[in-house]
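Participant: 15 is the number of the first residue of the sequence shown in this note's numbering; add one for each residue after it.
A virtual CB, placed ideally from N, CA and C, is assigned to each residue, including glycine.
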Amino acid sequence: MSFTHQKNPNQPHCSEMTLRQSSIHSENRHSHKPYTLVSIARYALLLGSASLVLAGCQSNPSSSSSTAASNKMIDFNIANTAQNQAQGRALNASLAADSEHYEQLFNQDKYPNTESQAKAHLLTAIRQHLASEHVAVAKANYQAVPFIDPDSIDAGSNSLLKTIIETYMYQSGLESDYSENSYDENGYDESSYDYTDADEVVVDEENVSDTMPEDDSEENAAAESAAIAMILEEAGENDESSYDDNYDNEEDSGTDYGRSSRFSGLKAKNLLQNYEAMQMAKQQPKTTSEAPISSTGLVGNIFTMFHRTPEQIAASNAYQYKHLTFNSVSHYQPQKRQLQSVYSYDYLTPTIASSIQIPLAFDFNNSKIKVDPSAIMPIMAIVNPESTPLPNQMISHTVSFGLPDSITSQLPSAVLYDAAISAIQNSMAELAPEYFSAVDIGQDRFAKEVGASRAVKVYFGSQQSGEMIGKVLKYMTQSLQQYVDTHPEKYPDGAPLKAALDKAALYNKGYQSADVGALLQLIEAIGPITFNQTNYYYLDSADRLLAKQQRMNIGGDLLGSTTTVLNQVRYDKASFDKHALTPLLAESFGDNARPAIDGNAWMTAQRQQEDRLQAARYARYDYSDHRSDDDYPRDYDDSEDSYNDDSNEDYSITPSDDEADNSIEAW
């Protein structure tokens with residue numbers, strides 16, 4: 015960027031002024047006239063002019079730019095109205111151009127950059143997509159890779175969370191080893207104490223007292239103190255004052271000393287020492303005869319059990335993920351607020367073929383959900399075999415469950431659906447343009463298959479996902495509050511829903527949406543699992559959504575692997591019509607499908623049956639309390655205070671057939 019120094023248009027050029035000043039200096043050098051006051055003032059003025067000229071020469075890259083800039087300035091030394099007006103117009107034009115250039119740099123609404131343009135195209139496509147009826151065909155594949163690449167600089171390093179846990183458990187493992195030692199034949203040695211807890215020191219007073227003279231109490235006390243001091247020294251407690259305090263507290267409470275020694279391993283210095291010792295122990299060579307025992311005890315063994323080796327990951331890909339796919343077909347009707355889908359979990363090899371298919375439909379206008387329970391019938395038969403109908407007893411393939419009227423009367427599901435759809439669109443519109451980027455689809459095979467003209471990439475890590483969640487919650491709360499305010503007859507002051515929304519709005523003011531993303535980043539940083547997803551949206555020239563490709567990565571250091579889920583979704587009718595799951599979708603939720611079984615009535619019947627059985631069970635318990643002694647014929651022997659063996663009979667109560675029929679209802 016060039017900086018222009020503005021000056022008078024009548025000012026001489028830099029080179030001319032320099033030559034003139036050089037000649038003046040030459041004359042002054044060869045003249046021997048005495049300096050007068052006028053000459054001194056003139057000389058000072060020339061020096062000041064020379065400095066200004068040099069400064070102007072440094073800031074002007076060329077004389078042409080200086081002249082062009084000079085023409086835009088108003089010279090108030092010239093009393094020429096026409097020239098001043100022309101210069102004023104030039105100045106206004108220059109200010110307008112500068113203002114427009116500044117606006118182009120920062121006003122993304124009027125002058126969008128590449129990211130803003132990609133965001134605008136995608137938002138237009140999503141709004142149009144959610145407002146129009148469409149079908150979808152999805153297919154997801156899986157693959158696992160090591161969490162850390164073998165060629166990475168982080169190869170062989172643990173995560174911070176795992177290191178902290180292993181370091182602390184390593185100290186516990188060392189202290190547990192002390193508890194396994196015993197005394198020798200000569201009396202007390204270094205193993206004359208026992209650790210009954212992982213970090214608690216317990217002195218074996220009986221064995222210590224055996225090694226001390228019994229006739230001198232002072233010598234006994236001194237020997238006992240020395241023994242305990244040696245124990246604490248080996249355990250890392252070298253501060254005598256802290257030992258005295260702990261020992262006094264132990265005499266007072268009996269448990270404070272154990273608690274203080276238990277948390278002594280949490281000190282930063284001790285943790286660093288334990289970490290160094292643990293790493294040195296891991297680097298020691300192991301012989302083939304030694305058993306692979308973890309230095310961190312049970313926790314280390316658990317980490318080893320969950321951690322997957324590269325060979326296990328390769329085997330999972332070859333024998334499981336390579337043949338496993340997750341397929342689905344869907345039909346979305348926004349006018350009816352309905353979404354009908356069939357999900358299929360398929361495993362196909364040359365020798366094994368398995369498929370689990372679950373039709374599922376949502377009807378938000380009627381607050382109902384329909385599902386085909388065939389896939390979960392085996393599980394229901396194991397949990398509750400009496401209430402599980404046989405396949406020939408199912409009068410329909412689907413079962414319908416609805417929300418009770420007590421809930422829908424307070425908040426209709428249609429209102430909740432509209433609030434969620436609007437919140438998703440508004441939240442995505444508020445995301446920064448940097449999250450959106452246009453990608454080159456010249457070499458994208460999937461883009462060629464769907465006939466896309468452009469593609470937009472949206473990355474959702476923990477920060478973006480948390481920010482999106484925070485915005486959606488706030489927008490939904492705002493929309494529901496507006497609905498409540500427009501229906502004061504249903505939600506008067508003090509209504510539970512109105513009070514709950516007001517409280518939610520109050521809490522929403524205490525955080526920003528980006529704070530939720532920062533919280534998820536913190537959880538991901540110290541947690542055992544990480545997640546992120548990258549979405550590619552494929553559009554045509556009219557900004558209609560043609561397809562979507564989602565790549566989700568889920569993994570962690572404790573697992574030792576990252577599982578990638580690649581889901582490709584097509585929104586074209588041709589792929590939907592020829593898909594193998596489309597007939598099942600029409601059979602389950604089409605116009606000619608059988609009416610669904612009323613799941614609410616079935617649950618009510620099951621609950622009533624359980625209540626009757628419970629009542630009958632309590633009634634049988636009370637039978638003996640309401641019968642007199644005369645109702646029990648028995649031969650009582652006063653002498654032996656017992657029943658005769660001949661009179662003992664089984665008086666078990668068995669309900670009659672009529673009672674059984676009345677107490678149990680077949681479903």
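1) Using three-state DSSP, classify Gln25 as helix, strand or coil.
2) Taking 8 Å as the threshold (C-beta atoms), are Lys471 and Tyr550 in contact?
3) Per the contact definition of three or more C-beta pairs closer than 8 Å, is the region 338-348 in contact with the region 317-328?
4) Here's the rule I'm using: 16 or more other beta-carbon atoms within 10 Å means buried, otherwise exposed. How should Val583 be labelled?
5) Cutting at 8 Å between CB atoms, please list the residues of its own chain near Ile393, excluding the five before and the five after it.
6) For Asp163, collect the residues of the same chain with a Cβ closer than 8 Å to its Cβ; drop the 5 residues on either side in sequence, then sort them by chain order.
7) So, does the region 429-443 touch the region 493-503, judging by three or more C-beta pairs under 8 Å?
8) Less than 6 Å between C-beta atoms, sequence neighbours within five positions excluded: which residues of the same chain meet that for Pro447?
9) Output the distance between the C-alpha atoms of Asp458 and Ser467, rounded to the nearest integer angstrom.
10) For Ile327 and Gly569, I'd like the C-alpha separation in whole angstroms.
11) Between the C-alpha atoms of Lys283 and Val385, what's the straight-line distance to the nearest angstrom?
12) Does the Cβ-Cβ distance between Asp683 and Phe161 come in under 8 Å?
13) Assign Tyr585 to buried or exposed, taking buried as 16 or more other Cβ atoms, counted over all protein chains shown, within 10 Å of its Cβ.
14) In the DSSP assignment, find the unbroken alpha helix (DSSP H) run with Asp112 in it and report its ends.
15) Hey, which unbroken runs of the beta strand (DSSP E) at 3 residues or more fall wholly within the region 338-391?
16) In terms of alpha-carbon separation, which member of Asn94, Ala291, Ser602 and Ile140 lies closest to Met183?
17) Looking only at its own chain, which residues have a Cβ that is under 6 Å from the Cβ of Leu362, when we skip the five neighbours before and after it?
18) Between which two residues does the beta strand (DSSP E) containing Asn716 stretch?
19) Are the CB atoms of Val579 and Ala154 nearer to each other than 8 Å?
20) Have a look at Asp529 and His135 and give me their C-alpha separation to the nearest angstrom.
21) Is the beta carbon of Leu599 sitting closer than 8 Å to the one on Val413?
22) Any contact of the region 497-517 with the region 534-541, i.e. 3+ C-beta pairs under 8 Å?
23) Alpha carbon to alpha carbon, how far is Asn581 from Phe590? Give it in angstroms, no decimals.
24) Mind checking who Ile568 pairs with in its DSSP beta bridge?
25) Taking all protein chains shown into account, decide if Asp377 is buried (16 or more other Cβ within 10 angstroms of its Cβ) or exposed.
26) Between the Cα of Glu481 and the Cα atoms of Leu534, Pro418 and Ile179, which residue gives the shortest distance?
27) Could you give the residue range of the alpha helix (DSSP H) that holds Ala519?
28) If you measure between the beta carbons of Ile140 and Met442, is that distance less than 8 Å?
29) Just curious, the alpha helix (DSSP H) that Pro447 is in, first and last residue?
30) Which stretch, first to last residue, makes up the alpha helix (DSSP H) that contains Lys488?
31) Under 8 Å, with one C-beta from each stretch per pair, do the region 407-425 and the region 594-612 reach the 3-pair mark?
32) Since Ala397 sits in a beta bridge, which residues does DSSP pair it with?
33) Give the single residue among Ala367, Arg351, Pro373 and Thr177 whose Cα lies nearest to the Cα of Tyr289.
34) Is Gln157 helix, strand or coil when you go by DSSP?
35) Between the Cα of Ile383 and those of Gly524, Leu353, Ile396 and Ala395, spot the shortest distance and give me the residue it belongs to.
36) Looking at C-alpha atoms only, which residue of Gly102, Ala509 and Val343 is the closest neighbour of Ala594?
Facilitator: To lay it out plainly:
1) Numbered from its first residue, the sequence shown carries residue 25 at position 11. Reliability of the predicted coordinates at Gln25 is poor, the pLDDT of 46 falling under 50, and the value obtained from them is presented with this limitation in mind. In the structure shown, Gln25 sits in coil (DSSP, three-state: anything other than H, G, I, E or B).
2) Here residue 550 corresponds to residue number 536 of the sequence shown, with the count starting at 1. Here residue 471 corresponds to residue number 457 of the sequence shown, with the count starting at 1. Result yes, Cβ atoms of Tyr550 and Lys471 sit closer than 8 Å.
3) no
4) Locating residue 583 in the sequence shown gives position 569, where the first residue counts as 1. Counting Cβ neighbours within 10 Å, Val583 comes out buried, since at least 16 surround it.
5) Here the question's residue 393 lines up with position 379 in the sequence shown. Nothing meets the Cβ criterion.
6) One-based indexing of the sequence shown puts residue 163 at position 149. Hits under 8 Å: Ala169.
7) yes
8) Start at 1 with the first residue of the sequence shown, and residue 447 comes out as number 433. Closer than 6 Å at the Cβ level, and outside the excluded window around Pro447, lie Glu129, Ser130 and Lys133.
9) Position 444 of the sequence shown holds residue 458. Position 453 of the sequence shown holds residue 467. Cα-Cα distance, rounded: 11 Å.
10) As a working mapping, residue 327 is identified with position 313 in the sequence shown. As a working mapping, residue 569 is identified with position 555 in the sequence shown. Looking at the two C-alpha atoms, the distance is approximately 12 Å.
11) One-based indexing of the sequence shown puts residue 283 at position 269. One-based indexing of the sequence shown puts residue 385 at position 371. Rounded to the nearest angstrom, the two C-alpha atoms are 59 Å apart.
12) The requested residue 683 is not part of the displayed model; the chain covers only 15 to 681.
13) Here residue 585 refers to the residue found at position 571 of the sequence shown. Taking all protein chains in view, the Cβ of Tyr585 is crowded by 16 or more other Cβ atoms within 10 Å, so the residue is classified as buried.
14) Locating residue 112 in the sequence shown gives position 98, where the first residue counts as 1. Counting along the chain, the alpha helix (DSSP H) containing Asp112 begins and ends at Thr95 to Phe120.
15) 338-347, 352-362, 367-377 and 382-385
16) The residue given as residue 183 occupies position 169 in the sequence shown. Comparing Cα-Cα distances from Met183 to each of Asn94, Ala291, Ser602 and Ile140, the minimum goes to Ala291.
17) For this step, residue 362 is matched to residue 348 along the sequence shown. If the five residues before and after Leu362 are omitted, its C-beta is found closer than 6 Å to the C-beta atoms of His337, all from its own chain and listed in chain order.
18) Outside the shown range of the chain (15 to 681) lies residue 716, about which nothing can therefore be said.
19) The count along the sequence shown starts at 1 and reaches residue 579 at position 565. The count along the sequence shown starts at 1 and reaches residue 154 at position 140. Result yes, Cβ atoms of Val579 and Ala154 sit closer than 8 Å.
20) Taking the sequence shown and counting its residues from 1, the one referred to as residue 529 is at position 515. Taking the sequence shown and counting its residues from 1, the one referred to as residue 135 is at position 121. Asp529 and His135: Cα-Cα distance of roughly 28 Å.
21) On the sequence shown, residue 599 is found 585 positions in, with the first residue counted as 1. On the sequence shown, residue 413 is found 399 positions in, with the first residue counted as 1. It is not a contact, given that the beta carbons lie outside the stated cut-off.
22) no
23) Working through the sequence shown from its first residue, we reach residue 590 at position 576. Working through the sequence shown from its first residue, we reach residue 581 at position 567. So the two alpha carbons sit approximately 16 Å from each other.
24) As a position in the sequence shown, residue 568 is number 554, starting the count at 1. Beta-bridge pairing links Ile568 to Phe545 and Thr577.
25) Position 363 of the sequence shown holds residue 377. Counting Cβ neighbours within 10 Å, Asp377 comes out buried, since at least 16 surround it.
26) What you label residue 481 is simply residue 467 of the sequence shown in a count that begins at 1. Closest option to Glu481, Cα to Cα, is Leu534.
27) As a first step, residue 519 must be located in the sequence shown, where it is residue number 505. For Ala519, the enclosing alpha helix (DSSP H) begins and ends at Pro510 to Asn522.
28) Here residue 140 is taken as the residue at index 126 of the sequence shown, counted from 1. Here residue 442 is taken as the residue at index 428 of the sequence shown, counted from 1. Their beta carbons are under 8 Å apart, which means Ile140 touches Met442 by this criterion.
29) The residue you call residue 447 lines up with position 433 of the sequence shown. Note, Pro447: premise wrong, no alpha helix (DSSP H); not H, not E.
30) Walking along the sequence shown from the start, residue 488 turns up at place 474. Residues Ser476 to Asp499.
31) yes
32) For the purposes of this step, residue 397 is identified with residue 383 of the sequence shown, where counting begins at 1. Here residue 397 turns out to be Val, not Ala, going by the sequence shown. Paired residue(s): none; Val397 is not in a bridge.
33) Taking the sequence shown and counting its residues from 1, the one referred to as residue 289 is at position 275. Taking only the C-alpha atoms, the option nearest Tyr289 is Thr177.
34) The residue you call residue 157 lines up with position 143 of the sequence shown. Strand.
35) Here residue 383 corresponds to residue number 369 of the sequence shown, with the count starting at 1. For Ile383, the nearest C-alpha among the options comes from Leu353.
36) For the purposes of this step, residue 594 is taken as residue 580 along the sequence shown, with counting starting at 1. Taking only the C-alpha atoms, the option nearest Ala594 is Val343.
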